[in-house]
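The letter at position 24 of the sequence shown is residue 42 when you use full-length UniProt numbering, and the numbering goes up by one with no holes.
Glycine is no exception: its CB is placed at the ideal position from the N, C-alpha and C atoms.
Below is one structure, written out as structure tokens; the observations come after it.
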Amino acid sequence: IGYQQQFWLDSSLPIDEEQGGLNDQIVINFSHVVAEDTPKGQTAIKFAELLEGKTDGRIRVVIYPNGMLYNDNNELDALEHGDVEMIAPTFSKMTKTLPTWQVLDLPYLFHTEDDVERVLTGPFGEQLLNQLSRFNIKGLAFWNNGFKQMLTDGDPLLKVEDFQGLKIRAMPSKVLQQQFTLLHANPVATSFDEVYTGLENKELDAQENTISNIYSKGFYNLQKSLTITNHGVLGYAVMMNEDFYNSLPSDLQEDVLEAIDEATAWNFEHSKQMNDDNLKGLEQLPDVQIETLTKAEQQRWQKLFKPIYNYYRKQVSETFLQEIEKEIN
Ligand code: LMR
19 IGYQQQFWLD SSLPIDEEQG GLNDQIVINF SHVVAEDTPK GQTAIKFAEL LEGKTDGRIR
79 VVIYPNGMLY NDNNELDALE HGDVEMIAPT FSKMTKTLPT WQVLDLPYLF HTEDDVERVL
139 TGPFGEQLLN QLSRFNIKGL AFWNNGFKQM LTDGDPLLKV EDFQGLKIRA MPSKVLQQQF
199 TLLHANPVAT SFDEVYTGLE NKELDAQENT ISNIYSKGFY NLQKSLTITN HGVLGYAVMM
259 NEDFYNSLPS DLQEDVLEAI DEATAWNFEH SKQMNDDNLK GLEQLPDVQI ETLTKAEQQR
319 WQKLFKPIYN YYRKQVSETF LQEIEKEIN
């Protein structure tokens, strides 16, 4: 029943937006795990504004940042079951469900932000997103955060030998776990919301992450040694519950797709700048030590990581690797 009627029946009843509140407004609950002041946080806000504008408020997007609604361990399940309408996990977190997506985690595969944009917004990205439909998920887009760097609380991580025996936080992706095993570190699967306490309790010695995540979550308060390695990319699969999407009238579906396209363009235009600005912020902190991996050392890392490419080629998908390599080189 509409709000007017409901009000008439019982003026003490709150507006139940999920049941169709004021003017039968449709609510999209969008849950994500990072801070608002990040590429994902800001693009989610942009998307909400665009969609609310396009639909004249017929759709309202309510964003739950910082894992306040769901975390890495339960957000996918919540999406599949329609407990939340939208999430945007890092693609590495989807690789258990979709092993071919591990290709995006291959270290030193992407060289520039342009490579990332071309692959993720082109036919290859679309092919990946289409795989989601068998899980009752509408894959809307990929968004970028940026290149990952290494952070630790000990000596700077420069040479491959520096990783020996470190407990290093890894997202749940076989490729990422192999990356750290080849460095002779011990990968520890940790949900993003548990990284800070993991560092505090010394359960973790190091992690890989983007500058914007390191800055916005204050990881630099606990780990003061940052190495610019750009060894991998962190990006997001922006996904909607498919039953929910199908339940929207077709004009609103079009608005969703348009808002996503515009928000995605905005994301790729601004994500690098956000990371660069946060790096400047870190550079101003006297106790944070920032080093850059030398070209020679990077070549040693790349040589060490070769078996991961063989693993992907032989055990996951030769075709996917070939296709993505064609797009990049
Ligand atoms: C992480 O777990 O470190 C990232 O996936 C968090 C995020 O969503 O950027």
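If you ignore the 5 residues before and after Ala-96, its C-beta comes within less than 6 Å of the C-beta of Tyr-88 and Val-102, all in its own chain and listed in chain order.
The ligand LMR has no heavy atom closer than 8 Å to the beta-carbon of Val-134.
Straight through space, the alpha carbons of Met-112 and Ile-308 are spaced by roughly 31 Å.
Here the alpha carbon of Thr-73 sits roughly 29 Å from the alpha carbon of Met-292. Gly-253 sits buried, since 16 or more C-beta atoms from the chains shown fall within 10 Å of its C-beta. A straight line joining the alpha-carbon of Val-45 with that of Gly-75 spans about 10 Å. Rounded to the nearest angstrom, the gap between the Cα atoms of Ala-224 and Thr-312 is 20 Å. The closest heavy atom of the ligand LMR lies less than 8 Å from the beta carbon of Lys-111. In this structure, the alpha-carbon of Leu-124 lies about 19 Å from that of Lys-177. A straight line joining the alpha-carbon of Pro-325 with that of Asp-171 spans about 28 Å. DSSP, read as helix, strand or coil, puts Asn-162 in strand. In this structure, Ile-105 lies away from Gln-167, with their beta-carbon atoms at least 9 Å apart. Residue environment analysis places Arg-152 among the exposed positions, since fewer than 16 neighbouring C-beta atoms fall within 10 angstroms of its C-beta. Across the set Glu-315, Leu-275 and Gln-333, the C-alpha of Glu-315 shows the shortest separation from the C-alpha of Glu-179. Proximity of the beta carbon of Asn-227 to the ligand LMR is indicated: a heavy atom of the ligand is located closer than 8 Å.
Counting every other CB atom within 10 Å of its CB across the protein chains shown gives Met-189 a total of 16 or more, marking it as buried. In this structure, Tyr-254 has its CB closer than 8 Å to one or more heavy atoms of the ligand LMR. Within the DSSP bridge table, the entry for Asn-148 names no partner. Taking C-beta atoms as the reference points, Met-86 and Gly-157 fail to come closer than 9 Å. Inclusion of Glu-131 and Asn-84 in the CB contact set at 9 Å is not warranted, their separation being larger than that value. About 5 Å separates the beta carbons of Val-137 and Glu-345, which is inside the 8 Å limit, making them a contact pair.
Around the CB of Pro-57, 16 or more other CB atoms lie within 10 Å, so the residue is classed as buried. Taken through DSSP and simplified to helix, strand or coil, Pro-205 comes out as strand.
Short of 8 Å from the beta carbon of Asn-148, and not among the five residues preceding or following it, lie these beta carbons of its own chain, in chain order: Gly-157. Residue state for Thr-139 is assigned as helix, using DSSP reduced to three classes. With a cutoff of 8 Å, Pro-107 counts as near the ligand LMR, since its C-beta is closer than that to a heavy atom of the ligand. Comparing alpha-carbon positions, the option among Ser-110, Ile-81 and Ser-268 lying closest to Glu-226 turns out to be Ser-110. Only exposed fits His-99, as fewer than 16 other CB atoms lie within 10 angstroms of its CB.
Secondary structure at Gly-71: helix, using DSSP grouped into helix, strand and coil. Secondary-structure assignment with DSSP links Met-257 through a beta bridge to Ile-105 and Gly-157. As DSSP reads the structure, Arg-78 sits in a beta bridge with Val-45. Where Leu-297 is concerned, there is no enclosing beta strand (DSSP E), although the alpha helix (DSSP H) around it starts and stops at 268-301.
In this chain, the alpha helix (DSSP H) harbouring Gln-340 covers 336-346. Taking 9 Å as the cut-off, the Cβ atoms of Leu-300 and Tyr-214 do not count as close.
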